[in-house]
Ligand code: SF4
């Protein structure tokens with residue numbers, strides 16, 4: 002049977018493809034691209050209809066992180082001219098969250114830079130969640146504070162958090178190339194802690210750090226095995242002033258292939274197009290909606306996205322609809338798994354500085370020669386850093402949030 006027919010049939014049954022089939026998706030040609038999108042679209046519609054879940058980022062604490070994640074504009078030694086500020090007060094965070102919810106967001110993602118929270122930080126986030134829920138009791142709250150210590154996930158759960166984000170970012174084999182201050186195993190441990198406490202696990206990846214196709218497939222299968230309920234797919238935003246500033250490897254076509262591979266491996270999981278959507282998918286963003294069922298509304302942690310109303314226009318124009326507060330995101334059988342979190346013990350999430358992680362350089366691709374040649378033609382080596390728009394509005398500024 003043809004590859005795409007096989008992947009579609011498996012996806013419609015909720016079955017995971019083989020590793021070889023996942024790799025073959027990444028090796029498809031531009032001539033096959035619309036067929037790949039159509040096949041992934043059938044799987045997406047089987048489990049998520051035409052709904053698009055909107056998520057809204059609130060950066061509670063920006064910059065000045067002691068960790069050295071190469072992809073991150075907030076890392077130790079970053080020269081990126083991002084906003085830097087310490088913890089927002091609960092009412093400030095609630096004001097930003099309110100703008101996102103008013104713009105159509107169903108989930109608010111509360112993120113703070115740093116290796117991990119202190120117990121005092123958990124208190125701060127507890128107060129912040131209470132302030133947000135006072136204005137909107139129904140809003141979903143996802144927290145992203147880095148590596149968790151014992152009992153912190155349980156405290157967040159008791160305080161009303163629905164989910165915890167901690168991205169694996171890249172494969173175990175290459176993790177040490179992108180970060181030296183913590184390990185892949187540390188990230189897995191935090192995802193498992195969150196899941197074990199009954200929090201829904203949000204854990205994803207960053208593409209475009211120079212990784213191989215094998216690395217991408219490895220991390221996506223690892224996320225599936227960890228039981229991540231939502232998989233954010235970040236496309237590297239190469240901030241000037243970070244070690245990966247020159248890593249411009251992605252084309253819109255490559256991004257769509259990556260999204261399709263993630264969808265086939267996670268047919269019934271929320272797949273979210275995350276940081277770098279505007280920068281790398283560009284005019285092909287609407288095609289991404291045929292594969293992913295979730296996006297961030299408005300701005301990212303340290304960079305600006307397109308205007309919130311442009312996100313809404315794009316969803317409507319492409320024939321999709323914003324998922325309402327009363328609608329379940331995951332199919333029923335996945336919701337049951339999420340609710341049973343502590344008995345499953347397989348979920349994971351990772352640091353969510355909204356953009357991914359990991360660097361890389363130099364991993365050779367094992368794609369067929371034709372695909373490799375195509376990849377080369379897709380990989381401009383010059384810097385495009387003037388295209389990266391540092392966030393100057395919303396949380397931490399006097400200007401209104403983009404939502
Ligand atoms: S990804 Fe998180 S832990 Fe890593 S440098 Fe950025 S804020 Fe710090």
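In my numbering, the protein residues as written are 2 to 404. For glycine and all other residues, C-beta sits at the position ideal for the given N, C-alpha and C. As the structure is a prediction and not an experimental result, all values here were calculated from the model.
In the DSSP annotation of this structure, the continuous segment of the alpha helix (DSSP H) that includes residue 221 starts and ends at 214-227. With distances taken between CA atoms, residue 33 lies nearest to 254 out of 22, 215, 254 and 324. Per the coordinates, the alpha-carbon of residue 175 lies some 43 Å from the alpha-carbon of residue 136.
DSSP, read as helix, strand or coil, puts residue 253 in helix.
Excluding the 5 residues flanking it on each side, residue 165 has same chain C-beta neighbours closer than 6 Å at 144, 195, 200 and 350, in chain order. With the rule of 3 Cβ pairs closer than 8 Å, the segment 259-268 counts as touching the segment 226-246. Out of 282, 58, 18 and 25, the CA that lies nearest to the CA of residue 301 is found in 58.
Using a C-beta cut-off of 8 Å, the segment 100-107 makes no contact with the segment 71-90, since fewer than three inter-stretch Cβ pairs fall below that distance. Residue 139 sits away from residue 396, with the two beta carbons spaced by 8 Å or more.
The closest CA to that of residue 334, considering only 109, 126 and 49, is found on 49. Residue state for residue 389 is assigned as coil, using DSSP reduced to three classes. DSSP links residue 321 through a beta bridge to no other residue. Excluding the 5 residues flanking it on each side, residue 238 has same chain C-beta neighbours closer than 7 Å at 276, 277, 280, 304, 356 and 389, in chain order.
The Cβ-Cβ distance between residue 264 and residue 17 does not fall below 8 Å. The Cβ atoms of residue 209 and residue 173 lie no closer than 8 Å to each other.
Closest in alpha carbon position to residue 115, among 130, 95, 70 and 53, is 70. Taking each of 109, 227, 291 and 36 in turn and checking the Cα distance to residue 193, the smallest one comes out for 227. By the neighbour-count definition (other C-beta atoms within 10 Å, threshold 16), residue 150 is an exposed residue. The beta carbon of residue 203 sits no closer than 7 Å to any heavy atom of the ligand SF4.
For residue 75, the shortest C-beta to heavy atom distance toward the ligand SF4 is below 7 Å. Comparing alpha carbon positions, the residue from 13, 29, 30 and 7 closest to residue 19 is 7.
In the structure shown, the three-state DSSP call for residue 67 is coil.
Take the alpha-carbon of residue 283 and the one of residue 273: they are about 16 Å apart.
Taking 8 Å as the cut-off, the beta carbon of residue 142 is found closer than this to the beta carbon of residue 163. One thing to note: residue 53 has its Cβ within 8 Å of the Cβ of residue 324. With fewer than 16 other beta carbons inside 10 angstroms of its own, residue 67 counts as exposed.
By the criterion of at least three beta-carbon pairs nearer than 8 Å, the segment 203-220 is not in contact with the segment 146-160. At the C-beta level, residue 221 and residue 171 stay beyond 8 Å of one another. It is roughly 24 Å from the alpha-carbon of residue 28 to the alpha-carbon of residue 14. Residue 270 is not a Cβ neighbour of residue 204, given a cutoff of 8 Å.
The three-state secondary structure of residue 176, taken from DSSP, is helix.
Under the three-state reduction of DSSP, residue 313 is assigned to helix.
Ranked by Cα distance from residue 295, the options 56, 319, 65 and 185 are led by 56.
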